[in-house]
Amino acid sequence: MSDDTHDDLDADAIDAADEAEIAAQGTRKQIRREQRRVLFTSPGFIIGALILLFWAVSALFPGLLTEWGPKEFVTDSEGNGLVRTSPSGDAWFGTDALGRDVYSRVIHGVRPILQVAPIATILAIGVGTLVGLTMGYFLGWVDEVLSRIIESILSIPSILMAILVIFTFGRTDAVVTGTIALLFVPPVARTVRAATLAEAQLDYVTSAKMRGERSLFIIAREIFPNITGVIVVEFTVRLGYAIFTLATLAFLGLSGGDVTDPDWGVDVSQSWGLVVTDVWWPTIFPAVAIATLVIGVNLIADSIEKALRS
Amino acid sequence: MAKYILRRIALSLITLVIILVIVTLIPNIAPGDPARKIAGGTASPERLAAVTESLGLNDSVPTQLGNLFKDTFTLDFGEAFTRPGESVMGLVGSALWESTKLVVFALILLLPLSIAGGMLAAYKKDTWIDRTIVNVGLALSSVPEFVAGVILLTVLAVPVDFFKVSADAPAGAGFFTQLQHLLLPALTVVTVYFGYIARITRAGTITALESDYARTAFMKGLNTESVFRKHVQRNALQPTVAVIGTQLGYMFGGMVGLELVFNYPGLGRLILDAVRGADYPVLRGGVLIVAIIYMAATLVADLIIAWMNPRARLTAGGES
């Protein structure tokens, strides 16, 4: 009789544990769904996504949105060239010092940024995640050494580090992409390290260790799935910084490629001297374009972060 | 406290040593012949040899590293490559003085404004005031400073005579004329940094306001003002101090675009001109000085935090 009761209690306990697990899984799914709902209905995300969508369409199909080519010289209905004319029906955003359509150059100018920035960011996230997971899980002297190196690289403003590297390695697109990727590895690794460290102290990791799982399995299958949120936020934040850095490098004349190609940073650098003569349109439109793209990406990053915390 | 300070200084020195190693390695690991890339494809053999010499590439890597250590700790980086006879440190020193003027003026405008903004947002949490401060700040702080600079130049300097296009005042200008010329770049710094500092202050203030000691103080019957002054301020501002420390290096050397837009002869401009003139000794000296400023600023920030909060003294370096 007493044994029976005991068995019943055990069975009850197991049932209760199962139910709790099922409920936990249910709530985790519910939490994810709730987070997505919060994200997709937040005004910041919607505005940011619309901005990004517009620029993505411009990068993919610039011809759909423009009448003139980015290197064409605008002419009016009588065939006269229009140079440095203010915004009008012929050219919405006016024409630049050479007589090219500013609107068309703005639409075409997003492509070089959207080609380089995501690639550089993906590389940085990939390497930085691996380094951060290793540091946060194994700790010890590897972590100590890498932490000091990360700290050192972060102590020089990334734009200066980029200038130094591009100066010695040469001004090509590959060097610019690689430099931005490399410069963003330390901050990504630091974020992922902190997240890994927090996860590694939780019970599920301890029990996986006690089950005798291999470290690789614990890192890849136990910890990694639980820090994907952090990584997604880090990706969007870094994407914003990558665009920021690329535009600045282009403005400083340190990007690869042909200066006659449409590029926001290059266009601002070639025309901002005209601002003092009241010819503001070849400068302000690409400058505002840079601002909208970075703000759009940052709005998305901010909304994802808020949704994950909700 | 003495032990904390020593440990913290030791960490800074290790960081500096690693930076010196990285800076030495960069031209050595560059593929091909970096001197040819820097000098340009049509450079004469003499010029090529001179550029190689200026990069220090004739010596072995350990010798280069040893020289750089000596240069850094004696603060003597030799002669500028493009301006023979002028010492790198002389050029860096005068640029550093110009940068200091701009940074100090910008901080005088920025700190009261952004700290007050952040505290107001925290106090009015979840109201439209809070949302406006946070969102406008976020939007402005994501814009590159050269973009903010050209926009302010267009909307303020061109139509309004009071704002000057060039930040560099004519030689011999009085104090107020200099300030007048510095106003627009300083406002650009405020525009770019307001949101960032306000946000950090807001987060710190909310944490402090929701803490047990603040609740106790409210329950004791203290009014909001004295709770803020006596209990919240000191704790709320710790993250702000830390962030200002880490951002000072950027303000000194990272605003290359801003200094270019306003034609200001600061450290960022010096470094950019060094790149354009292929002057590696000046470039390297400038970058190292910025790194040293960063280290000094974070060190001072950490010491201030340790003084504000004794618990912070236990975790030197402020990590993990």
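Those protein sequence lines, which keep their order, are chains A and B. At position 155 of the first sequence the residue is numbered 1282 (this note's numbering), and the sequence of numbers has no breaks. At position 258 of the second sequence the residue is numbered 449 (this note's numbering), and the sequence of numbers has no breaks. Backbone N, C-alpha and C fix where the C-beta goes; we use that ideal spot for every residue, glycine too. Being a predicted model, the structure only gives us computed values, none of them experimental.
| query | result |
| --- | --- |
| Taking the alpha-carbon positions, what's the residue 337/B to residue 347/B distance? | 15 angstroms |
| Listed from N- to C-terminal order along the chain, which residues in the region 1353 to 1377 of chain A have their beta-carbon within a distance smaller than 7 angstroms of any beta-carbon of chain B? | 1367, 1371, 1374 and 1375 |
| Is residue 1132/A buried or exposed, if buried means 16 or more other CB atoms sit within 10 Å of its CB? | Residue placement at residue 1132/A cannot be trusted, given a pLDDT of 44 that sits under 50; the coordinates are not used to answer. |
| Please list, in chain order, the chain A residues whose beta carbon lies closer than 8 angstroms to that of residue 228/B. | 1295, 1296 and 1297 |
| So, residue 380/B versus residue 301/B, is the Cβ gap smaller than 8 angstroms? | yes |
| With distances taken between CB atoms, is the gap from residue 453/B to residue 294/B smaller than 8 angstroms? | no |
| Flag this pair as yes or no: are the beta carbons of residue 458/B and residue 290/B separated by less than 8 angstroms? | yes |
| Can you grab the Cα-Cα spacing for the pair residue 1216/A / residue 329/B, in whole Å? | 35 angstroms |
| At which residues does the alpha helix (DSSP H) containing residue 1196/A begin and terminate? | That residue, residue 1196/A, is in no alpha helix (DSSP H); it is neither H nor E in DSSP. |
| Which full runs of the alpha helix (DSSP H) of 4+ residues lie inside the region 247 to 307 of chain B, going along the chain? | 252 to 265 |
| Check whether the Cβ atoms of residue 1320/A and residue 1267/A sit closer than 8 angstroms, and answer yes or no. | no |
| With a cut-off of 8 angstroms, do at least 3 Cβ pairs link the region 1361 to 1376 of chain A to the region 1304 to 1313 of chain A? | yes |
| Could you give the DSSP three-state label for residue 1227/A: helix, strand or coil? | strand |
| Can you find a C-beta in chain B that's less than 8 angstroms from the C-beta of residue 1207/A? | no |
| Is any beta-carbon of chain B found at less than 8 angstroms from that of residue 1283/A? | yes |
| Mind reading off the beta-carbon distance from residue 1255/A to residue 1316/A? Whole number of angstroms is fine, and I expect it under 8 angstroms. | 4 angstroms |
| How far does the alpha helix (DSSP H) with residue 383/B in it reach, from first residue to last? | 366 to 400 |
| Where in the region 420 to 481 of chain B do unbroken runs of the alpha helix (DSSP H), each at least 4 residues long, occur, reported from the N-terminal end onward? | 424 to 427, 429 to 440, 447 to 452 and 458 to 467 |
| Count the other CB atoms within 10 Å of the CB of residue 204/B; is the residue buried (16 or more) or exposed (fewer)? | exposed |
| Any chance the CB of residue 312/B is under 7 angstroms from a heavy atom of the ligand NAD? | Among the ligands in the structure shown, none appear at all, so the ligand NAD cannot be discussed. |
| List the residues of chain B that residue 1410/A touches, going by C-beta distances under 8 angstroms, in chain order. | 341 and 345 |
| Buried or exposed: where does residue 1157/A fall if 16 or more other Cβ atoms within 10 Å of its Cβ makes it buried? | exposed |
| With distance defined between alpha-carbon atoms, name the residue in 1368/A, 1264/A and 1365/A nearest to residue 1326/A. | 1264/A |
| Excluding the 5 residues flanking residue 1385/A on each side, which residues of the same chain have their C-beta closer than 7 angstroms to its C-beta? | none |
| I'd like to know whether the C-beta atoms of residue 472/B and residue 272/B end up nearer to each other than 8 angstroms. | yes |
| Taking residue 393/B as the reference, which of 351/B, 365/B and 312/B has the closest Cα? | 312/B |
| Counting only C-beta atoms, is residue 206/B closer than 8 angstroms to chain A at any point? | yes |
| Measure the C-alpha to C-alpha separation of residue 237/B and residue 1302/A and round it to an integer number of angstroms. | 27 angstroms |
| Is there at least one Cβ from chain A nearer than 8 angstroms to residue 430/B's Cβ? | no |
| Between residue 196/B and residue 309/B, is the Cβ-Cβ spacing less than 8 angstroms? | no |
| So what's residue 1236/A in DSSP terms, helix, strand or just coil? | coil |
| Give me, in chain order, the residues of the same chain whose beta-carbon lies closer than 8 angstroms to that of residue 1427/A; leave out the 5 immediate sequence neighbours on both sides. | 1171, 1172, 1175, 1176, 1179 and 1363 |
| Got a sec? Which residues, its chain only, sit under 8 angstroms from residue 216/B by beta carbon, not counting five neighbours each side? | 252 |
| Let me know the secondary structure DSSP gives residue 1202/A once reduced to three states. | strand |
| Is any beta-carbon of chain A found at less than 8 angstroms from that of residue 485/B? | yes |
| Have a look at residue 1296/A and residue 1290/A and give me their C-alpha separation to the nearest angstrom. | 10 angstroms |
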